[in-house]
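Asker: So that we are looking at the same thing, I have put the structure below in structure tokens.
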Amino acid sequence: MKKNKNIRYVVRHLLLIFIVLLLGLLALGIGLMIGYGILGKGQDPWAILSPAKWQELISKFTGN
25 MKKNKNIRYV VRHLLLIFIV LLLGLLALGI GLMIGYGILG KGQDPWAILS PAKWQELISK
85 FTGN
């Protein structure tokens, strides 16, 4: 009985951690879209989520 209670405790906390991480990633994505699309150049906010845009940004900072 006590073992079952411990397993539920662990699963509940792991689920809570997963939900917090998911919400954090969602907030990061929304923040990137707002910062790039609305506060930045005013282009398409979805463009910041494309790999090509990230390659362009990384190459600006690294000089490649």
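In case it helps, the numbering used here puts the sequence shown at residues 25 to 88.
Beta carbons: idealized from backbone N, C-alpha and C, even for Gly.
(1) Span of the alpha helix (DSSP H) holding Q79?
(2) Just reading off the alpha helix (DSSP H) that I31 is part of, what are its end residues?
(3) Would you say M57 and P69 are within 8 Å of each other, going by their C-beta atoms?
(4) In whole angstroms, what separates the C-alpha of S83 from that of I72?
(5) When you compare the CB positions of Q67 and G59, do they come within less than 8 Å of one another, or not?
(6) Rounded to whole angstroms, what is the Cα-Cα separation between Y33 and L52?
Answerer: Put simply:
(1) Along the sequence shown, read from residue 1 onward, the residue named residue 79 stands at position 55. Per DSSP, Q79 belongs to the alpha helix (DSSP H) from P75 to T86.
(2) Here the question's residue 31 lines up with position 7 in the sequence shown. Its alpha helix (DSSP H) spans residues K26 to M57.
(3) If you number the sequence shown from 1, residue 57 lands on position 33. If you number the sequence shown from 1, residue 69 lands on position 45. Yes, the Cβ-Cβ distance between M57 and P69 is below 8 Å.
(4) Residue mapping note: residue 83 aligns to position 59 of the sequence shown, counting from 1. Residue mapping note: residue 72 aligns to position 48 of the sequence shown, counting from 1. For S83 and I72, the distance between alpha carbons rounds to 15 Å.
(5) Numbered from its first residue, the sequence shown carries residue 67 at position 43. Numbered from its first residue, the sequence shown carries residue 59 at position 35. Result no, Cβ atoms of Q67 and G59 do not sit closer than 8 Å.
(6) By one-based count along the sequence shown, residue 33 stands at place 9. By one-based count along the sequence shown, residue 52 stands at place 28. Those two C-alpha atoms are separated by around 29 Å.
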